[in-house]
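Participant: Dropping a structure here in structure tokens format, bear with me for questions.
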Amino acid sequence: MNGQNDENDFVTNNQSWRESKSLLLITVAIALFLDNILVSAVVPILPQHLREIELAAQARSSFETIYQPSNLTEVLKNAESSNSSSTLSSEIMSNKSFAYTKNENISSEGTKFGFLLGSKPLLQLIANPFVGSLAYRFGYRRIMLTGFVLLFFSTLLFAYGESYEILFFARSLQGLASSCTSVTGMATLAKRFTVDKKRQNAMRIAMGGIALGLSLGPPYGGASYQYLGKKSPFLMLCGLTLIDGCMLLIISEPKTSGQKEQVKQTSFFKLIRDPYILITAVAEATLPLWMWDTMKSTRLQVGLAFVSNPICFILIMNVLGKLFLRFPRWLLIVIGGIFSGLCLALYPFCQDMYQIIAPSCIMGIGAALMELALMPEFAHLVDIRHTAEYGNVYAISDVAVCLGLWIAPSSAGFLYQRIGFNAVMFGSAFICFLYAPLGYFLKNPPARNKQRDSSEAPTTDKLLEEENLRR
């Protein structure tokens, strides 16, 4: 009898672990952290590594040229003299010196690096519309686990890749992995956390993983590469990916409570035609677009001042996030857009790197306010206007981000050369100011879903009023 009770307790505890919302939240946050720390960790590593690969290839080419039959005969003749060894070494060094000079003058080096960085968001952009539908068909956990496997092999390729082609493939593979993990991760949270306020808080914590990964990536990658070698940062990330993947295997597939029948998922293209979802997605795209434009227009030393940006982002998301959740989401979107525009308008007036800190703080605050509102707003719009399957709507969100990250690196340099830094910044600020008021339309979006009345899917303002009354 006692043995049967112990067995029942074990099954109950095992089931509670598999359905634990806290474990799910930790797993998703770590997944987003790993994906984004890999995104930013390669930035200080790859330029130097690509240069070493290029120099090694040119050195081999120069060595082979010296030891061609005609050159070899000439070298052997010179070997009869007393200074043969110095002649040989001087020829090699002169060719090597030419390789170094040639490498420094190749203008395509930056272009190749830009294509390498851009391959990730491009593949992610292409994959996102399909990932949402695949998640609905095969389950969120399977697609997310596929993302972990792809991320693991992508990180291994970064560690052992010794050619541009392999690194390009690794970066592209990371784009597919990011599409699987980010879309299904946010969709799983939206499906498991059905209460609006708890969902909003869960997404705030998950987005904190993104901010932390992007912030720690460059110093982590640079320090590990310098002191421990090129492979070390990637191998450590591989280990963390395996651990997080094992945690995902414990978690059960989320199910919709109270609905036995199969709910047909709203298609990706129908969602993207929804004007309210489109407003939210465009806001998501403006953040990385203008941030990348700004970064591309500054020197490396000025880039150090932008550390204040992610610091403020993390502070708002994780420390003051609960305070700002008391405000309506549409208001946070409006304020975030205004803050982003204000920061961009202030950049042309900065004269040194210390003056850039204040606008960067403003941008970090604005970005955090918008992210606090946007992620749960996507799920809320699906609840009241479509069926409660969230894969496609977060695919739209990710498409918007990837579009910004793909377009910005290629457009920033062109715009900077054509119209100048000040014009780029003021034009970007004008677009942010122009877009910010559109957030007002998200105040009380009309419901389309007849299966959910206002009591089941209340508006943001009604939820806020109920929360204040309970306090």
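Heads up: the sequence shown runs through residues 154 to 624, numbered per our numbering. For every residue, glycine included, the Cβ atom is placed at its ideal position computed from N, Cα and C. As the structure is a prediction and not an experimental result, all values here were calculated from the model.
Cα separation between Cys333 and Leu395?
Facilitator: Rounded to whole angstroms, Cys333 to Leu395 spans 16 Å at the Cα level.
Participant: Please classify Leu402 as buried or exposed, where buried requires at least 16 neighbouring CB atoms within 10 angstroms.
Facilitator: Exposed, by the Cβ-count rule.
Participant: Would you mind sorting Leu269 into buried or exposed? The rule is 16 or more other CB atoms within 10 Å of its CB.
Facilitator: Label assigned to Leu269: buried.
Participant: Could you tell me the distance, in whole angstroms, from the CA atom of Val192 to the CA atom of Leu326?
Facilitator: Using only the alpha carbons, I get a separation of about 12 Å.
Participant: Along the chain, where does the alpha helix (DSSP H) containing Ala312 start, and where does it finish?
Facilitator: Where Ala312 is concerned, the enclosing alpha helix (DSSP H) stretches over Tyr293 to Tyr313.
Participant: For the candidate residues Ala343, Val336 and Ile198, whose alpha-carbon lies nearest to that of Val284?
Facilitator: It is Val336.
Participant: Decide if the segment 497-512 is in contact with the segment 581-590; the criterion is three or more beta carbon pairs, one per stretch, under 8 Å apart.
Facilitator: With a cut-off of 8 Å, the segment 581-590 and the segment 497-512 count as touching, because enough Cβ pairs lie within range.
Participant: Considering Tyr317, what are the terminal residues of the alpha helix (DSSP H) in which it resides?
Facilitator: Per DSSP, Tyr317 belongs to the alpha helix (DSSP H) from Tyr317 to Arg345.
Participant: Could you give the distance in angstroms between the alpha-carbon of Phe305 and the alpha-carbon of Ile488?
Facilitator: Roughly 39 Å separates the two Cα atoms.
Participant: May I ask which residues mark the beginning and end of the alpha helix (DSSP H) holding Met400?
Facilitator: Its alpha helix (DSSP H) spans residues Lys384 to Ile403.
Participant: Drop a sphere of 10 angstroms on the beta-carbon of Phe251, count the other beta-carbons inside from all chains shown, and report buried for 16 or more, exposed for fewer.
Facilitator: For Phe251, the predicted structure reports a pLDDT of 43, less than 50, and the residue's modelled location is therefore unreliable. The matter cannot be settled from this model.
Participant: Out of Phe301, Phe322 and Met528, state which residue places its alpha-carbon closest to the alpha-carbon of Ser272.
Facilitator: Nearest option by C-alpha distance: Phe322.
Participant: Using a Cβ-Cβ cut-off of 6 Å (strictly less than) and excluding sequence neighbours within five positions of Gly370, which residues of its own chain qualify?
Facilitator: Result list for Gly370: Ile190, Ser193 and Ala194, in chain order.
Participant: Tell me whether the beta-carbon of Met470 lies closer than 8 Å to the beta-carbon of Gly361.
Facilitator: Taking 8 Å as the Cβ cut-off, Met470 and Gly361 qualify as a contacting pair.
Participant: Are there three or more Cβ pairs, one per stretch, closer than 8 Å when the segment 196-203 is compared with the segment 337-346?
Facilitator: These segments do not touch.
Participant: If you drop the 5 nearest sequence neighbours on each side, which residues of the same chain put their C-beta closer than 8 Å to that of Lys174?
Facilitator: For Lys174, where only same-chain residues beyond five positions count, the Cβ hits under 8 Å are Arg345, Phe346 and Ala355.
Participant: Nearest to Ser331 by alpha carbon, out of Lys350, Ile296 and Glu315?
Facilitator: Here the closest residue by C-alpha is Ile296.
Participant: Leaving out five residues on either side along the sequence, give the residues of the same chain with a beta carbon under 6 Å from the beta carbon of Ile363.
Facilitator: Excluding residues within five positions, the ones whose Cβ falls inside 6 Å are Leu185 and Asn189.
Participant: Identify, in the order they occur along the chain, each residue of the same chain with its Cβ nearer than 6 Å to the Cβ of Ala312, setting aside the five sequence neighbours on each side.
Facilitator: Result list for Ala312: Lys384, Phe387 and Leu388, in chain order.
Participant: Can you list, in chain order, the residues of its chain whose CB lies under 7 Å from that of Ile467, leaving out five sequence neighbours each side?
Facilitator: Closer than 7 Å at the Cβ level, and outside the excluded window around Ile467, lie Gly361, Ala364, Leu365 and Ser368.
Participant: Alpha carbons only, please: which of Ala526, Leu278 and Leu298 is nearest the one belonging to Gly328?
Facilitator: The residue with the shortest Cα to Cα distance from Gly328 is Leu278.
Participant: With Leu587 and Leu525 assumed to form a contact (beta carbons below 8 Å), what rounded beta-carbon distance in angstroms separates them?
Facilitator: Actually they are not in contact, since the Cβ atoms of Leu587 and Leu525 sit about 22 Å apart, beyond 8 Å.
Participant: If I follow the unbroken alpha helix (DSSP H) through Leu485, where does it start and stop?
Facilitator: Taken as a continuous stretch (DSSP letters only), the alpha helix (DSSP H) holding Leu485 covers Arg482 to Leu499.
Participant: Taking its Cβ as the centre, do 16 or more other Cβ atoms sit within 10 Å of Leu381, making it buried, or is it exposed?
Facilitator: The residue in question, Leu381, is exposed, as its Cβ has fewer than 16 Cβ neighbours within 10 Å.
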